[in-house]
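Beneath this line is the structure, given in structure tokens, with notes to follow.
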Ligand code: NDP
Ligand code: 8X3
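Numbering (the working numbering), first residue to last: 10 to 265.
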């Protein structure tokens, strides 16, 4: 096998960098000497990362639901960050766990706008430059929810199924250009995800992880780091990982 890539040669852009999987990935790459552009809406957290990790971090405030702002954020990156070669389109969220007949249409809109549209805006904003440079890596955050159904996952799971198929189609487009594509599909990871899903209900959020030995953001960051530092002739199409205590639901028959 050829040598692994030197992370110090990487400039990584992370959306959803202000917490959870994104923040852990920032720390993993920055700790290995990469330069990292950190994107998210919470400016204070972006600046705290820069203050803690130093000048190799560039904070860029961005709501990925805004196509023009996303385009401008990438186009406006200063040297040396402008020559990014990894983009982790990770920003996303679930809102609610109600069955479809009760779910909030506004929550559905927000999930589609963030997990699908925001991800697409991010990819479209970075892809032409990476293809032109003949070097790059797009990493998407899918989910096991894009593969396996569960009650209440309705639109959230469907957005992640979109990510799954889009990642494969994206790879079909760019294979051979020097740009790689990887879909990271985690199961249960303890982050702020459940606090967001349950609108700040900490008790309900904690129950999701209690006794489950969930994965951590750092566990997922390690997978992203692995995929991105493999020699350039290797493309990891997808990484699906669960906590050792998580598995699939059984088929269910409702007899009432
Ligand atoms: P967190 O809630 O901890 O992090 C979500 C990140 O997304 C935050 O940094 C948030 O930043 C950002 N974000 C949300 N909406 C927007 C927006 N409109 N514009 C820009 N950034 C946004 O959760 P996770 O780390 O768990 O989630 C990261 C990704 O992982 C998501 O795509 C999620 O669906 C996926 N995932 C999570 C799993 C889990 O069990 N935790 C499992 C499988 C997938 P800010 O609010 O500052 O904008
Ligand atoms: C997050 C994983 O199983 O909570 O995407 O939907 S799950």
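Glycine included, every Cβ here is placed at the ideal spot set by N, Cα and C.
Item to check | Reference residue 145, options 195, 93, 43, closest by Cα | outcome: The residue among 195, 93, 43 with its C-alpha nearest the C-alpha of residue 145 is 93.
Next on the checklist: Give the residues whose C-beta lies closer than 5 Å to at least one heavy atom of the ligand 8X3, in chain order.
Outcome noted: Counting every residue whose Cβ lies closer than 5 Å to a heavy atom of the ligand 8X3, we get 152, 154.
Item to check | Close Cβ partners of residue 151 (< 6 Å) along its chain, the five nearest in sequence each way excluded | outcome: Taken in chain order, the residues that qualify are 169, 172, 173, 192, 194.
Item to check | Host alpha helix (DSSP H) of residue 38 (start-end) | outcome: Here the alpha helix (DSSP H) through residue 38 covers 29-40.
Checklist entry - Is the CB of residue 23 under 8 Å away from at least one CB in chain D? => result Note that chain D does not occur in the displayed structure, where there is just one protein chain.
Item to check | Sufficient close CB pairs (3 or more, under 8 Å) joining the segment 40-58 to the segment 242-253 | outcome: No, they do not touch.
Checklist entry - Among 97, 251, 140, 219, which has the Cα closest to the Cα of residue 203? => result Per the Cα distances, 219.
Item to check | residue 297 versus residue 88: straight-line alpha-carbon distance, rounded | outcome: Limits of the chain in this structure are 10 at one end and 265 at the other, which puts residue 297 out of reach.
Item to check | Secondary structure, beta strand (DSSP E): runs of 3+ residues fully inside the segment 124-149 | outcome: Counting only unbroken stretches of 3 or more residues, no beta strand (DSSP E) element lies wholly within the segment 124-149.
Checklist entry - Hey, would you say the C-beta of residue 100 is under 7 Å away from at least one heavy atom of the ligand NDP? => result Relative to the ligand NDP, the nearest heavy atom lies less than 7 Å away from the CB of residue 100.
Checklist entry - Cβ atoms of residue 96 and residue 131: under 8 Å apart, would you say? => result Yes, Cβ-Cβ distance for residue 131 and residue 96 is below 8 Å.
Checklist entry - Does the ligand NDP have a heavy atom nearer than 7 Å to the CB of residue 195? => result Checking every heavy atom of the ligand NDP against the Cβ of residue 195, one is found closer than 7 Å.
Checklist entry - Under three-state DSSP, which class holds residue 157? => result Reduced to three states, the DSSP call for residue 157 is coil.
Checklist entry - When we look at the beta-carbon of residue 16 and count the other beta-carbons within 10 Å, is it buried (16 or more) or exposed? => result Label assigned to residue 16: buried.
Next on the checklist: Tell me the residue span of the beta strand (DSSP E) that contains residue 98.
Outcome noted: Unbroken beta strand (DSSP E) run through residue 98: 95-98.
Item to check | Supposed close pair residue 65, residue 91 - CB separation, criterion 8 Å | outcome: So it is not a contact: roughly 15 Å between Cβ atoms.
Item to check | Expected contact under 8 Å - CB spacing of residue 29 and residue 186 to nearest Å | outcome: Wrong, their Cβ atoms sit about 31 Å apart, outside the cutoff.
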